[in-house]
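Working notes, structure below.
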Amino acid sequence: MVRDIVEGAFDKVKRFLTRFQPLLEIYWRNKQVDLSILVHERLRNPVESLSNTVKLFTYYHTLFNSNLPSMTEIGLL
Amino acid sequence: MDSKGCRSTLLPTPKDFIAKIEEMVPKIIRERTDESKKWLRKALSNLSKPVSNVEEFVEQNGHLVYTNENFQNVRDRVDLFGQIYNTLAEFQLKVKKEDKDNFTECVQQISQLSTIIQSVESTQESNTETFKKTLNELIPQLNSQIHNLHEESIDPIFLSGEANMFEVLKVLDEKEARFKELETRSLKYNQWQEVLQTQPTIFEELDTLREDLTLRCLMWRSLQEWQEL
Numbered sequence: 000m001v002r003d004i005v006e007g008a009f010d011k012v013k014r015f016l017t018r019f020q021p022l023l024e025i026y027w028r029n030k031q032v033d034l035s036i037l038v039h040e041r042l043r044n045p046v047e048s049l050s051n052t053v054k055l056f057t058y059y060h061t062l063f064n065s066n067l068p069s070m071t072e073i074g075l076l
Numbered sequence: 000m001d002s003k004g005c006r007s008t009l010l011p012t013p014k015d016f017i018a019k020i021e022e023m024v025p026k027i028i029r030e031r032t033d034e035s036k037k038w039l040r041k042a043l044s045n046l047s048k049p050v051s052n053v054e055e056f057v058e059q060n061g062h063l064v065y066t067n068e069n070f071q072n073v074r075d076r077v078d079l080f081g082q083i084y085n086t087l088a089e090f091q092l093k094v095k096k097e098d099k100d101n102f103t104e105c106v107q108q109i110s111q112l113s114t115i116i117q118s119v120e121s122t123q124e125s126n127t128e129t130f131k132k133t134l135n136e137l138i139p140q141l142n143s144q145i146h147n148l149h150e151e152s153i154d155p156i157f158l159s160g161e162a163n164m165f166e167v168l169k170v171l172d173e174k175e176a177r178f179k180e181l182e183t184r185s186l187k188y189n190q191w192q193e194v195l196q197t198q199p200t201i202f203e204e205l206d207t208l209r210e211d212l213t214l215r216c217l218m219w220r221s222l223q224e225w226q227e228l
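As they're listed, the protein sequences go chains A and B. Numbering-wise (numbering that gives the first Met the number 0), the first sequence opens with residue 0 and increments by one. Numbering-wise (numbering that gives the first Met the number 0), the second sequence opens with residue 0 and increments by one.
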């Protein structure tokens, strides 16, 4: 009985943490970005690149806002 | 299970990046607008100078060719800055008023330069004809000066053993300096002829003068060195 409760709690923790993975990957990739490339003289389509980058960050903001969990019940005190 | 800490770290990052873009892009565009303005000011100043002689006309022609070669690039660059400012406005990103004014000034300078180029181009043909005539008068004068110097340089005194070496060397130095000035002028006239699209003149006597003068200078300088030994 206790074992089932603990195992169930660990499963919930695992499921909870899997929600972070794609968001952490986005966060990590964003950290590598060199924004100065957006205004590089030899960039082929600077206007499109700038527009798409701002759109992408706006989308990430919405994604993080809706998908980042604050807390979850795992059935243990 | 609480993940508020993690959420508070990750959540603001996309907005932070947008804020960085908002800070960095206008700053760089301002610097590049200033560079373009500098180029435009210089072009405006070069093409606005009045032309009253062949030298000034040839100089202006050089500026006109250079400006025409590079003007489209500058226009494209400034056009791109405008598009970038529009994109920033589309996403409600801030652009300082002074940056917008700076950009407007740049666009005005482009318009001024276009007008000046048109005006200069419209006078090119008549100026070319006028200065062709002027140059055609200058060339015989130069030929005459070359001839006179040649006559002076082949004076028998320079081949005489009786002549005073120091005096001869002094005279030859002066003639050499005059020759260099004439040679420079002949090259300059040939360049002008190129710009005015006329047949370049061959200053044949200049070559003969060079040979004769060099020979005499060499002989007397060698004699001086020999005496010093």
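Idealized CB from N, CA, C, for every residue including glycine.
Exercise for review: Just mark residue 245 of chain B as buried or exposed, buried being the case when its beta carbon has 16 or more other beta carbons within 10 Å.
Suggested key: Residue 245 of chain B lies beyond the stretch modelled for chain B, which goes from 0 to 228, so this question has no answer here.
Practice item. Give the range of the alpha helix (DSSP H) segment to which residue 95 of chain B is assigned. Key: Premise fails: residue 95 of chain B is in no alpha helix (DSSP H) and is neither H nor E.
Check your understanding: Under three-state DSSP, which class holds residue 1 of chain B?
Key -> Of the three classes helix, strand and coil, the one that applies to residue 1 of chain B here is strand, per DSSP.
Practice item. Please decide whether residue 5 of chain A counts as near chain B, where near means a Cβ-Cβ distance under 8 Å. Key: For residue 5 of chain A, the answer is no, since every Cβ of chain B falls outside 8 Å of its Cβ.
Check your understanding: Are there 16 or more other CB atoms within 10 angstroms of the CB of residue 176 of chain B, so buried, or fewer, so exposed?
Key -> The residue in question, residue 176 of chain B, is exposed, as its Cβ has fewer than 16 Cβ neighbours within 10 Å.
Review point. Under 8 Å Cβ-Cβ, which residues of chain B neighbour residue 42 of chain A?
Key: Ordered by position in chain B, no residue passes the 8 Å Cβ test against residue 42 of chain A, which lies about 10 Å from the chain.
Review point. Who are the Cβ neighbours of residue 56 of chain B in its own chain at under 6 Å, not counting the five residues just before and after it?
Key: So the qualifying residues of the chain are 50, 126, 130.
Check your understanding: Start and end of the alpha helix (DSSP H) containing residue 211 of chain B?
Key -> Counting along the chain, the alpha helix (DSSP H) containing residue 211 of chain B begins and ends at 203-227.
Point to revise | N- and C-terminal bounds of the alpha helix (DSSP H) containing residue 187 of chain B | key: Counting along the chain, the alpha helix (DSSP H) containing residue 187 of chain B begins and ends at 164-194.
Review point. If contact means a Cβ-Cβ distance below 9 Å, which residues of the stretch 54-72 of chain A contact chain B?
Key: Those residues of the stretch 54-72 of chain A that come within reach of chain B (Cβ to Cβ, closer than 9 Å) are 54, 55, 56, 57, 58, 59, 60, 61, 62, 63, 64, 67, 68, 69, 70, 71, 72.
Point to revise | chain A contact residues for residue 27 of chain B, given Cβ-Cβ distances below 7 Å | key: Result: 38.
Practice item. Examine chain B for any beta-carbon lying closer than 8 Å to the beta-carbon of residue 1 of chain A, and answer yes or no. Key: No, no contact with chain B.
Practice item. Determine contact between the stretch 134-146 of chain B and the stretch 175-194 of chain B, defined as no fewer than three beta-carbon pairs at a distance below 8 Å. Key: Segment contact: the stretch 134-146 of chain B against the stretch 175-194 of chain B, three or more CB-CB distances shorter than 8 Å; contact assigned.
Exercise for review: Could you run through the stretch 71-84 of chain B and flag, in chain order, every residue whose CB is less than 8 Å away from some CB of chain A?
Suggested key: Taking 8 Å as the Cβ-Cβ cut-off, the stretch 71-84 of chain B approaches chain A at 79, 82, 83, given in chain order.
Check your understanding: Looking at the C-beta of residue 102 of chain B, does it have a partner C-beta in chain A at a distance below 8 Å?
Key -> No, because no Cβ of chain A sits closer than 8 Å to the Cβ of residue 102 of chain B.
Practice item. Give a yes or no on whether the minimum CB-CB distance between residue 21 of chain A and chain B is below 8 Å. Key: Closer than 8 Å to the CB of residue 21 of chain A there is not a single CB belonging to chain B.
**Study point:** Cutoff 8 Å: residue 229 of chain B Cβ touching any chain A Cβ
**Key:** The structure shown does not extend to residue 229 of chain B, since chain B spans only 0 to 228, so no value can be given for it.
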